[in-house]
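Q: Before I ask anything, here is the structure I am working with.
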Amino acid sequence: MSANIQETIVDLLNQALLYGNDSKRVKHLRHVQELILRKDPSLLNHFLEDVLSFQTDKSSEIKKTIISFIEEACQQNPKLIVKVIGSLNLLLHDDNVFVQKKLILSMMPIYKSTLTWLSKSQSVDELVCSVWDMMADIKNHIVSILNSNDDRLCTVAIKFIEMLALTLSRHEQDFPINSNANDSEILFRTKLEQEEKEMIEKLLEFILSEKLSSVNLIAAIEAVSNIARQRSDYISRILQTFEVLHVDLFSNFIDSQVSSVHKAIKSKLLNILKYSASYNIQSQCSTLLVDFGATQAEILKYSPKVVQESKRKFISNDHSENIKKSKTMNVLNNVKLDIDQDIKQEKSIQNIIDVQRNDLLPWVSSTVDHKILSTSIDFISNLSKQQKIIKSFKLSNVLKPLEFNDIQRMSLDSFHRVLNAEAVCDGHGVDQIRQKVMTRLVCLFKQSFRNIYEDYIFADVRERYDLAFIWLYQEYVYANGYLTIFDRNKKKNFTEYDNILCRLLEYFFQEKYDDLFSRLITSAPIITDNALFILKRYCQNENYSHHGMNILRSLITSRIIIREKCLNLLLILTHNEDISIRNNSLNVIQSLHEKKEFKISIEQYASKCLSYLRTSKPSEILFSDNEKLLIISTDVWTEDSIRRCLSLYLSLISSNHHLIQPLLNIYIEVDKDIKRVILQILETSVRPMGMTSSELLKLVKNCPIGAEALITRISNIRTQQMTPSRDIVENIQDLYHKRISDVRSLVPILSGLEKCDIINTLPKFIKLPPPMVKEVFKLVLSLNDSSGTLKTNFILPSELLIALHRISLEECELKTIINATSICFNECSTYTSDILVDVLQQLVEMNPIPILFMRTVLQAFSLYPKMVHFIMNILQRLITKQAWKQPRIWEGFIKCCEKTRPHSYSILLQLPPAQLKHVLQITSELRDGLVGHIRSMSSAQHSSIPSSRLTVIEDDSENVLPVSLSNSTQ
1 MSANIQETIV DLLNQALLYG NDSKRVKHLR HVQELILRKD PSLLNHFLED VLSFQTDKSS
61 EIKKTIISFI EEACQQNPKL IVKVIGSLNL LLHDDNVFVQ KKLILSMMPI YKSTLTWLSK
121 SQSVDELVCS VWDMMADIKN HIVSILNSND DRLCTVAIKF IEMLALTLSR HEQDFPINSN
181 ANDSEILFRT KLEQEEKEMI EKLLEFILSE KLSSVNLIAA IEAVSNIARQ RSDYISRILQ
241 TFEVLHVDLF SNFIDSQVSS VHKAIKSKLL NILKYSASYN IQSQCSTLLV DFGATQAEIL
301 KYSPKVVQES KRKFISNDHS ENIKKSKTMN VLNNVKLDID QDIKQEKSIQ NIIDVQRNDL
361 LPWVSSTVDH KILSTSIDFI SNLSKQQKII KSFKLSNVLK PLEFNDIQRM SLDSFHRVLN
421 AEAVCDGHGV DQIRQKVMTR LVCLFKQSFR NIYEDYIFAD VRERYDLAFI WLYQEYVYAN
481 GYLTIFDRNK KKNFTEYDNI LCRLLEYFFQ EKYDDLFSRL ITSAPIITDN ALFILKRYCQ
541 NENYSHHGMN ILRSLITSRI IIREKCLNLL LILTHNEDIS IRNNSLNVIQ SLHEKKEFKI
601 SIEQYASKCL SYLRTSKPSE ILFSDNEKLL IISTDVWTED SIRRCLSLYL SLISSNHHLI
661 QPLLNIYIEV DKDIKRVILQ ILETSVRPMG MTSSELLKLV KNCPIGAEAL ITRISNIRTQ
721 QMTPSRDIVE NIQDLYHKRI SDVRSLVPIL SGLEKCDIIN TLPKFIKLPP PMVKEVFKLV
781 LSLNDSSGTL KTNFILPSEL LIALHRISLE ECELKTIINA TSICFNECST YTSDILVDVL
841 QQLVEMNPIP ILFMRTVLQA FSLYPKMVHF IMNILQRLIT KQAWKQPRIW EGFIKCCEKT
901 RPHSYSILLQ LPPAQLKHVL QITSELRDGL VGHIRSMSSA QHSSIPSSRL TVIEDDSENV
961 LPVSLSNSTQ
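What follows is the structure, given as structure tokens:
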């Protein structure tokens with residue numbers, strides 16, 4: 001009987017997987033449920049995994065049927081929850097609302113049966129504890145649905161909470177721990193009672209909330225009313241809620257909804273009043289009923305009548321006992337008469353002989369006399385001995401055996417005829433039977449038909465894909481020993497199944513049937529290690545990488561048994577040598593990391609890869625099989641191997657800031673080459689973290705010794721697009737003053753520093769390499785928000801250039817200051833003529849005049865020649881300030897006069913004789929030009945020149961006609 005049931009179940013599962021619309025497939029699965037759970041429960045463990053594989057089906061009706069199967073199975077055997085808890089969690093988060101609703105309704109009996117099983121359990125291991133934790137997560141998720149906007153889910157969540165309140169109470173008879181003072185190993189009485197109270201309070205708060213609909217309000221009223229009738233301790237609290245609800249019924253309800261709510265409360269209050277435990281609150285309940293429109297007649301009708309009801313109950317119980325006794329006597333008499341008649345019937349002789357006396361007597365001891373039974377069996381035995389023995393007919397006696405070659409030829413011809421009968425069978429509606437015949441023949445006679453059948457499928461693989469899958473599934477059935485043609489004691493052997501699965505996958509892979517490859521590997525009953533190896537090769541192919549990663553994601557989320565293997569395969573791909581494959585796997589890993597069930601495993605693997613950086617050479621796990629043959633590339637750390645090792649860990653940091661601390665610890669221990677690569681590739685991971693990360697703030701505040709460069713790099717990345725917070729600025733400043741002597745650590749927080757701090761640190765900034773100095777100046781000059789308003793620490797371009805002139809030679813070399821000012825002058829768009837005029841006006845008034853002043857004057861003139869008149873004013877101001885007392889300023893004065901001639905001749909004539917003589921001695925060109933300038937003057941202009949200056953000019957003008965004579969001749 002059991003063997004036939006197994007074959008039927010296998011056939012039904014095949015049909016549910018491959019044939020028909022959803023209604024037919026649901027019908028097949030329900031038939032499977034009836035056969036397994038009601039006719040032969042011993043088959044449950046054999047077929048559980050096959051049934052659960054339908055949980056990832058696209059049809060919502062199929063998923064709801066699987067939920068019903070799980071519900072009934074858990075009620076029969078609560079220990080089964082250990083195997084199905086993952087499936088329940090998966091279906092709870094399904095996209096279809098009706099699947100979620102069905103799951104929540106089924107969770108009510110499942111939760112109660114699980115609670116009962118755990119309360120009776122003598123020992124609890126880690127697996128059971130983890131199952132209970134997952135059950136608690138499912139429960140909390142369902143309770144959280146109470147705040148959902150979906151009325152359909154909210155209604156069933158209310159029923160679930162009602163179940164929790166009643167189940168966790170001491171009055172619940174199905175829960176043994178309620179009647180026992182001792183706690184179990186994982187269930188604690190006080191904790192359960194506290195949870196019961198929380199559930200009831202949550203319902204009462206929900207009733208008084210304003211956002212719920214009238215449908216959910218009525219459902220919640222019904223739930224708390226049921227609790228009140230069964231748990232009298234809460235009657236008073238629930239009545240108070242009804243009173244508040246009557247006063248503050250929400251204005252967003254229309255009149256018909258208000259009327260429906262009133263009727264619902266009135267009906268539930270009458271039921272509560274009828275309950276015998278309502279004596280103490282009868283007055284309160286009656287008053288509330290009158291408020292909700294009940295008449296006195298209705299109140300009296302439902303008032304409790306304990307005495308009469310008890311009497312009636314006693315009479316009805318007595319009457320029912322008499323009826324049961326009379327029915328029992330009738331049944332016994334009928335059984336005796338039936339047995340007597342069966343003994344007399346000749347057609348049952350053979351069956352009765354097979355019954356042993358010792359087995360039969362206990363069964364009929366209460367109905368048949370032992371003596372009668374013994375006499376009957378002896379009589380039947382004597383009759384059987386008198387039967388004549390008929391010699392059996394053997395077909396082999398009249399037929400001659402065929403030769404092996406003839407048998408082989410005939411069988412192949414028959415198989416070919418079955419293959420070619422596709423159109424005929426399809427036309428008569430028996431193609432499914434033909435497919436079953438072919439697949440069973442191929443499985444039974446592998447050497448004869450396998451290659452023929454394979455070629456037949458591959459000839460039109462898209463049209464005949466179903467044949468391939470039926471063949472695969474049939475091999476799976478045979479490997480499990482579900483059919484009677486195999487020895488049941490034989491160990492399971494999946495070699496043939498593995499060969500067929502891998503052969504099909506290889507063919508789909510080579511022929512580029514991506515859709516069939518995905519369909520086969522995701523729907524195969526079991527995915528073997530060899531199949532996973534093919535999938536790994538598929539993912540490592542650049543053309544199929546993205547598709548392969550999605551297949552892996554699907555297997556990880558839907559195949560609980562191979563989840564660990566698939567996840568490990570995906571993690572290995574995160575350090576593949578191909579960057580595109582590596583990025584595809586990282587994208588999938590990041591999406592999986594958001595889910596609780598994968599988070600710990602992914603972080604553990606990432607941390608293990610990170611720890612490899614401590615070793616002297618890369619781990620073999622970082623390289624593919626082909627790369628391991630190249631000893632040179634795998635024995636030393638290269639930039640590529642370092643990037644591979646860090647890729648997974650860094651991809652997780654942006655959303656999991658706590659992972660930055662282990663990275664700092666590793667950074668401190670590794671050599672400089674690895675540190676350099678870490679600093680290079682850190683930007684993509686750190687940039688999304690923002691300024692509000694508490695983990696980063698903690699690291700900056702408590703920076704480990706040796707990690708200063710990494711902290712600076714992280715701060716620099718974070719501040720490139722946003723202003724640093726005050727805490728970050730203060731912590732980095734403190735770190736700079738106490739431990740880090742490198743001024744580059746302040747660059748990331750320039751926008752957060754005060755103006756005075758920036759100016760005081762300029763001598764150190766300009767000592768940096770010129771590209772970095774340019775970047776610093778750019779940051780300093782761009783401290784302006786998008787609205788155009790200046791910040792308190794904003795430095796004007798003129799202020800920066802003036803600050804550079806004020807740097808003393810003790811703080812910085814003159815050449816370094818000159819290079820810094822040159823960087824400013826190169827920014828012509830920033831340092832316009834107006835800015836330079838402002839700078840020069842302020843510099844010339846300083847005392848002493850900055851040493852680079854005249855160099856700045858000359859650079860301004862070279863950039864903007866139209867400033868010559870302003871420069872003349874500057875030179876005139878220098879004469880009044882006796883610029884010749886500062887050698888470098890005086891030297892620059894002379895060069896400026898030489899550059900700006902003939903405009904400077906009038907300025908030279910204002911110099912004292914001694915200084916004028918010095919200028920003319922240094923530059924003869926000025927002397928000649930000055931003589932020409934004097935000669936071009938009018939008499940009035942010439943008379944205004946002091947004679948002492950003319951004397952100097954004449955003394956120095958050798959071979960030149962005296963100026964005075966020249967003017968007189970004119």
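Using the UniProt record's numbering, the letters of the sequence shown correspond one by one to residues 1 to 970. Cβ coordinates follow ideal geometry from the N, Cα and C atoms, glycine included.
On the three-state DSSP scale, how would you describe W117?
A: Stepping through the sequence shown from its first residue, residue 117 is reached at position 117. DSSP places W117 in helix when its eight states are reduced to three.
Q: What is the DSSP secondary structure of D515, reduced to helix, strand or coil?
A: The sequence position of residue 515 within the sequence shown is 515, counting from 1. DSSP places D515 in helix when its eight states are reduced to three.
Q: Note down the Cα distance separating I879 from K815, rounded to an integer number of angstroms.
A: One-based indexing of the sequence shown puts residue 879 at position 879. One-based indexing of the sequence shown puts residue 815 at position 815. C-alpha separation (whole angstroms): 27 Å.
Q: For the alpha helix (DSSP H) that contains N499, what are its first and last residues?
A: Your numbering for residue 499 matches position 499 in the sequence shown. T495 to Q510 is the extent of the alpha helix (DSSP H) around N499.
Q: Just to confirm, are Q33 and E61 a CB contact at a threshold of 8 Å?
A: Here the question's residue 33 lines up with position 33 in the sequence shown. Here the question's residue 61 lines up with position 61 in the sequence shown. Contact flag unset, no.
Q: Might you give, ordered along the chain, the residues of its own chain that have their beta carbon closer than 7 Å to the beta carbon of S798, omitting 5 neighbours on each side?
A: Residue mapping note: residue 798 aligns to position 798 of the sequence shown, counting from 1. Excluding residues within five positions, the ones whose Cβ falls inside 7 Å are I835, D838 and V839.
Q: With respect to the alpha helix (DSSP H) encompassing E205, which residues constitute its N-terminal and C-terminal limits?
A: As a working note, residue 205 is residue 205 in the sequence shown. From DSSP, the alpha helix (DSSP H) with E205 extends over R189 to L208.
Q: I'd like to check one pair, L288 with V243: are the Cβ atoms closer than 8 Å?
A: Working through the sequence shown from its first residue, we reach residue 243 at position 243. Working through the sequence shown from its first residue, we reach residue 288 at position 288. A quick correction: the sequence has Glu, not Val, at residue 243. Yes. Within cutoff.
Q: Would the region 839-855 count as touching the region 801-821 if we require 3 or more Cβ pairs under 8 Å?
A: Segments in contact, yes.
Q: Just the Cα atoms here: how many angstroms apart are R806 and R614?
A: Translated into positions along the sequence shown, residue 806 becomes position 806. Translated into positions along the sequence shown, residue 614 becomes position 614. Straight-line Cα distance between these residues: approximately 49 Å.
Q: Leaving aside the five residues before and after F508 along the sequence, list all residues of the same chain whose C-beta is less than 7 Å from its C-beta, in chain order.
A: Counted from its first residue, the sequence shown places residue 508 at position 508. Contacts found: L516, F517 and L520.
Q: Excluding the five sequence neighbours on either side, which residues of its own chain have a C-beta within less than 8 Å of the C-beta of S150, listed in chain order?
A: Position 150 of the sequence shown, counting from 1, holds the residue named residue 150. Inspection of the sequence shows that residue 150 is occupied by Asp rather than by Ser. V97.
Q: Under three-state DSSP, which class holds S948?
A: Stepping through the sequence shown from its first residue, residue 948 is reached at position 948. S948 falls in the helix class under three-state DSSP.
Q: Do residue 973 and Q6 have their C-beta atoms closer together than 8 Å?
A: What the structure shows of the chain is the stretch from 1 to 970, and residue 973 is not part of that stretch, so it cannot be assessed.
Q: Skipping 5 residues on each side, what residues in its chain have a beta carbon closer than 7 Å to that of A228?
A: The residue you call residue 228 lines up with position 228 of the sequence shown. Around A228: Y234, I235, I238 and I272.
Q: With C-beta atoms as the reference, is L573 less than 8 Å away from C566?
A: Position 573 of the sequence shown, counted from the start, is the residue given in the question as residue 573. Position 566 of the sequence shown, counted from the start, is the residue given in the question as residue 566. No, Cβ-Cβ distance for L573 and C566 is not below 8 Å.
Q: Hey, out of S214, N499, I85 and C703, whose CA is closest to I254's CA?
A: One-based indexing of the sequence shown puts residue 254 at position 254. With distances taken between Cα atoms, I254 lies closest to S214.
Q: Measure the C-alpha to C-alpha separation of S179 and R189 and round it to an integer number of angstroms.
A: Sequence index remark: in the sequence shown, residue 179 carries index 179 (1-based). Sequence index remark: in the sequence shown, residue 189 carries index 189 (1-based). Because S179 carries a pLDDT of 43, less than 50, the predicted location of this residue cannot be relied on, and the following value inherits that uncertainty. Computed Cα separation, rounded: 10 Å.
Q: Quick check on the burial criterion: 16 or more other C-beta atoms within 10 angstroms. Buried or exposed for R417?
A: For the purposes of this step, residue 417 is taken as residue 417 along the sequence shown, with counting starting at 1. Exposed, because fewer than 16 other Cβ atoms sit within 10 Å of the Cβ of R417.
Q: Check whether the Cβ of L768 lies closer than 7 Å to any heavy atom of the ligand NAP, and answer yes or no.
A: As far as ligands go, the structure on display features none, and thus does not contain the ligand NAP.
Q: Would you list, in sequence order, the uninterrupted alpha helix (DSSP H) runs of no fewer than 4 residues that lie entirely inside the region 460-486?
A: Here the runs fully enclosed are 465-480.
Q: If you drop the 5 nearest sequence neighbours on each side, which residues of the same chain put their C-beta closer than 8 Å to that of I823?
A: Walking along the sequence shown from the start, residue 823 turns up at place 823. P770, V773, K774 and F777, listed in sequence order.
Q: Run the CB neighbour count on P848, radius 10 Å, all protein chains shown included, and call it buried at 16 or more, exposed below.
A: Your numbering for residue 848 matches position 848 in the sequence shown. Exposed, because fewer than 16 other Cβ atoms sit within 10 Å of the Cβ of P848.
Q: For the alpha helix (DSSP H) containing H593, name the first residue and the last one.
A: Working through the sequence shown from its first residue, we reach residue 593 at position 593. That run of the alpha helix (DSSP H) goes I579 to H593.
Q: Note down the Cα distance separating E564 from S558, rounded to an integer number of angstroms.
A: As a working mapping, residue 564 is identified with position 564 in the sequence shown. As a working mapping, residue 558 is identified with position 558 in the sequence shown. Roughly 12 Å separates the two Cα atoms.
Q: Can you look up A524 in the DSSP assignment and give me helix, strand or coil?
A: Locating residue 524 in the sequence shown gives position 524, where the first residue counts as 1. It is coil, neither helix nor strand.
Q: Which first and last residues belong to the alpha helix (DSSP H) in which R537 is found?
A: For the purposes of this step, residue 537 is taken as the residue at position 537 of the sequence shown. Looking at the DSSP string, the run of the alpha helix (DSSP H) that includes R537 is D529 to Q540.
Q: For K83, is the classification buried or exposed, using 16 other Cβ atoms within 10 angstroms of its Cβ as the cut-off for buried?
A: Numbered from its first residue, the sequence shown carries residue 83 at position 83. Looking at its Cβ environment, which holds 16 or more other Cβ atoms inside 10 Å, K83 is buried.
Q: Determine whether the beta carbon atoms of residue 1013 and L153 lie at a separation below 8 Å.
A: No statement about residue 1013 is possible, as the shown extent of the chain runs from 1 to 970 and does not include it.
Q: CA-CA distance, N45 and L610?
A: Taking the sequence shown and counting its residues from 1, one reaches residue 45 at position 45. Taking the sequence shown and counting its residues from 1, one reaches residue 610 at position 610. Cα-Cα distance, rounded: 42 Å.
Q: Using the Cα positions of H575 and S654, report the straight-line distance between them to the nearest angstrom.
A: As a working mapping, residue 575 is identified with position 575 in the sequence shown. As a working mapping, residue 654 is identified with position 654 in the sequence shown. C-alpha separation (whole angstroms): 18 Å.
Q: Between A709 and L679, which are expected to be in contact by the criterion C-beta below 8 Å, what is the C-beta distance as a whole number of angstroms?
A: Start at 1 with the first residue of the sequence shown, and residue 709 comes out as number 709. Start at 1 with the first residue of the sequence shown, and residue 679 comes out as number 679. Indeed they touch by this definition, with Cβ atoms about 7 Å apart.
Q: According to DSSP, is H657 part of a helix, a strand, or is it coil?
A: Numbered from its first residue, the sequence shown carries residue 657 at position 657. Helix at H657.
Q: My output table needs one value for A707: the three-state DSSP class, helix, strand or coil.
A: Position 707 of the sequence shown, counted from the first residue, corresponds to residue 707. A707 falls in the coil class under three-state DSSP.
Q: Just mark H428 as buried or exposed, buried being the case when its beta carbon has 16 or more other beta carbons within 10 Å.
A: Reading the sequence shown from its first residue, position 428 is the one you call residue 428. Classification of H428: exposed, given that the 10 Å Cβ count is below 16.
Q: Which one of S619, A423, L467 and R462 has the shortest CA to CA distance from C443?
A: In the sequence shown, counting from the first residue as 1, residue 443 sits at position 443. Nearest of S619, A423, L467 and R462 to C443, Cα basis: L467.
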